[in-house]
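**Q** First the structure, then my questions, so here it is.
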Amino acid sequence: MKNKNGYVKIINNVFSFNDVKIGIMIRKMLVFLGLMLCFVSVVRADEKKVELIPVYEKTFEDTIVDVIFDTASVTIEEAKSMGWKEEGFSEMEKKQNKCEILYPKVVILKKGKKKIIRFYEYNGKLKKTYESGDYAEVVISQNEKYIGVTTPTKIFEKEGYLTKFEMIDDNGNILWKIEGLGVGPYVPSPDGRLCIGTPSVEVENAPIEIFGKNGLVKKIENPYGGWSGAFSNDGKYIAIAIRQSILWQEPAKGYLMLLDNNGGIIWERNDVGIISDISFSPKNNWIIFKCGSDTIRILTVFTIKGVKIFEIPGSMGSQSYFFSSKENEVAIINGQGYFWLVNLLNKKIITKLERKKERFRYISADKNFEKFVVGVYPNKIYIVNRKGNILLEKEFSNIGFHGTPKMNLTDNFVKIAFSDEKDRIRIFIIKKIY
């Protein structure tokens, strides 16, 4: 059963297509190269102390490229038989003899020129194995339900190469495939119906292509090069933005369109400047864009109907978002150490926290939207309340985040995922930290 409070939401239903190659590198960072950790906190009367106590470990012979994690409810005995240690369970879990474990459902490995994808049961039993062709690129959908594999099939001396694309679900089933595509890599949609990418990464103004199992759905010309795009988390919508002016030209001009999943244009705008990032809210009430020019960025919130309602200036660096369950509020962080809590209905900033020189990478919240976990590269976390007060600031000196910690905050637990070795999955827990 997938955790719905944000544990697997790293970029909160966004994939930026400015450069899909770079996007894959970001994905590798943000989904952690495959390390899942939980942490135990010891709170004393005279001090607060956070210790890292490993409760699970799994190693691989090959390099971990990416991982999809899931959760499962099992008995304590079942968890122990899988390798979980005693410290991994709360007193309540022990009393009820039931616990929720984290486990690697899909592990993507690199072995020589090939990618190996292993699909696991919750108890660690291997269900299926997929082996790609040479030099394949593997991309996971934003909701972690689908895996797109782009594999070269015919290489030309000057013109690049042709590829095939395979859509695979998180149980290892190949749903459909199509051949004769360009270089890509092509990114799978959250419903498994489409993939999107460009036929060349070297030709800057290569068109944007959307494919389905029956062939090309839509081609979008991109004469100035540079583009961004995102699927909504249900795959119902596609937002695509392209440049309409050369690099560094002022005022910068851009074009934005919202498509349905058949490639039809729902609405379009020419007054948005250059857009470098797009993110839908989970229920499709809002779309957040990073608009502006090559030197200035402004976070802009639109309704799903294309109406601009709110702006936050000075938003350079990468962003991550976490929406409240009612989608009336959103928590935003960026890579320059800013945290905002915004009321989308009255268009006001509730809280603003600045930690300049900190590289905020990931945010999650409890179910009441009262406390927030902020992951900081390379090895720090913050717990922040709605007023912007820091409840906990902890740097872990013995390990380093090679990506962004992936976290879920409950009443007295923080579950964190990150990697400290390229071939190892480990699990730790932090609990009762405030």
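All you need for our numbering is the position in the sequence shown, starting with 1, plus 4. Beta carbons are placed, not taken as given, at the ideal position from N, Cα and C, and that holds for glycine. Given the structure is predicted, the values throughout are model-derived calculations rather than measurements.
Tell me which residue opens and which closes the alpha helix (DSSP H) that residue 80 is part of.
**A** For residue 80, the uninterrupted alpha helix (DSSP H) segment begins and ends at 80–85.
**Q** How far does the alpha helix (DSSP H) with residue 323 in it reach, from first residue to last?
**A** Here residue 323 belongs to no alpha helix (DSSP H); instead the beta strand (DSSP E) covers 323–327.
**Q** By Cβ distance below 8 Å, which residues in the same chain neighbour residue 449 in space, the five residues on each side in sequence not counted?
**A** The first residue shown for the chain is 5 and the last is 438, placing residue 449 beyond what the model contains.
**Q** Indicate whether the contact test is met: 3 or more Cβ pairs, each with one atom in the segment 280–294 and one in the segment 218–235, closer than 8 Å.
**A** yes
**Q** Is residue 117 close to the ligand ADP? I mean its beta-carbon at under 7 Å from any heavy atom of the ligand.
**A** Ligands in the displayed structure: none, and consequently the ligand ADP is not present.
**Q** Which residues bound the beta strand (DSSP E) around residue 104?
**A** Its beta strand (DSSP E) spans residues 103–115.
**Q** Give me, in chain order, the residues of the same chain whose beta-carbon lies closer than 7 Å to that of residue 317; leave out the 5 immediate sequence neighbours on both sides.
**A** 302
**Q** What three-state label does DSSP hand residue 358 in the structure shown?
**A** Per DSSP, reduced to three states, the secondary structure at residue 358 is strand.
**Q** Under a Cβ-count criterion, where at least 16 other Cβ atoms within 10 Å of its own Cβ denotes burial, should residue 255 be classed as buried or exposed?
**A** exposed
**Q** Please tell me whether residue 181 and residue 171 are closer than 8 Å, where the distance is taken between their beta carbons.
**A** yes
**Q** Determine the burial state of residue 100: buried for a count of at least 16 other Cβ atoms within 10 Å of its Cβ, exposed for fewer.
**A** exposed
**Q** Please tell me whether residue 388 and residue 376 are closer than 8 Å, where the distance is taken between their beta carbons.
**A** yes
**Q** Counting C-beta neighbours from all protein chains within 10 Å, is the total for residue 155 16 or more, i.e. buried, or is it exposed?
**A** buried
**Q** By how many angstroms is the C-alpha of residue 145 removed from the C-alpha of residue 428?
**A** 23 Å
**Q** Could you tell me the alpha carbon to alpha carbon distance between residue 357 and residue 133, rounded to whole angstroms?
**A** 45 Å
**Q** Determine whether the beta carbon atoms of residue 348 and residue 305 lie at a separation below 8 Å.
**A** Their beta carbons are under 8 Å apart, which means residue 348 touches residue 305 by this criterion.
**Q** Below 8 Å, how does it come out for the segment 220–230 and the segment 119–138: are there three or more Cβ pairs, yes or no?
**A** no
**Q** Among 83, 105 and 118, which one has its Cα closest to the Cα of residue 66?
**A** 118
**Q** What's the call for residue 291, buried or exposed, on a 16-neighbour Cβ count within 10 Å?
**A** Residue 291 comes out buried.
**Q** At what residues does the alpha helix (DSSP H) containing residue 333 begin and finish?
**A** The continuous stretches of alpha helix (DSSP H) do not include residue 333, which lies in the beta strand (DSSP E) extending over residues 333–338.
**Q** Just to confirm before moving on: does the CB-CB distance between residue 120 and residue 76 stay below 8 Å?
**A** no
**Q** By how many angstroms is the C-alpha of residue 284 removed from the C-alpha of residue 265?
**A** 15 Å
**Q** Give me the DSSP bridge partner(s) of residue 235.
**A** 242
**Q** By Cβ distance, which residues of its chain are closer than 6 Å to residue 210, with the 5 residues on each side in sequence left out?
**A** 202, 203 and 204
**Q** Could you tell me which residues DSSP puts in a beta bridge with residue 156?
**A** 167
**Q** Where does residue 85 land, buried or exposed, given buried means 16+ other C-beta within 10 angstroms?
**A** exposed
**Q** Starting from residue 149, follow the beta strand (DSSP E) in both directions and report where the run begins and ends.
**A** Element bounds for residue 149: n/a, residue is neither H nor E.
**Q** Ignore the nearest five residues each way along the sequence and tell me which others in residue 241's own chain have a CB closer than 8 Å to its CB.
**A** Only 235, 262, 263, 264, 265, 270, 284, 288 and 308 meet the Cβ criterion.
**Q** Given this structure, state the Cα-to-Cα distance separating residue 94 from residue 82, to the nearest angstrom.
**A** 15 Å
**Q** Indicate the three-state DSSP secondary structure (helix, strand or coil) for residue 196 in the structure shown.
**A** coil
**Q** Helix or strand or just coil, what does DSSP make of residue 92?
**A** helix
**Q** Which partner residues of residue 389 appear in the DSSP bridge assignment?
**A** Residue pairing by DSSP places residue 389 opposite 375 in a beta bridge.
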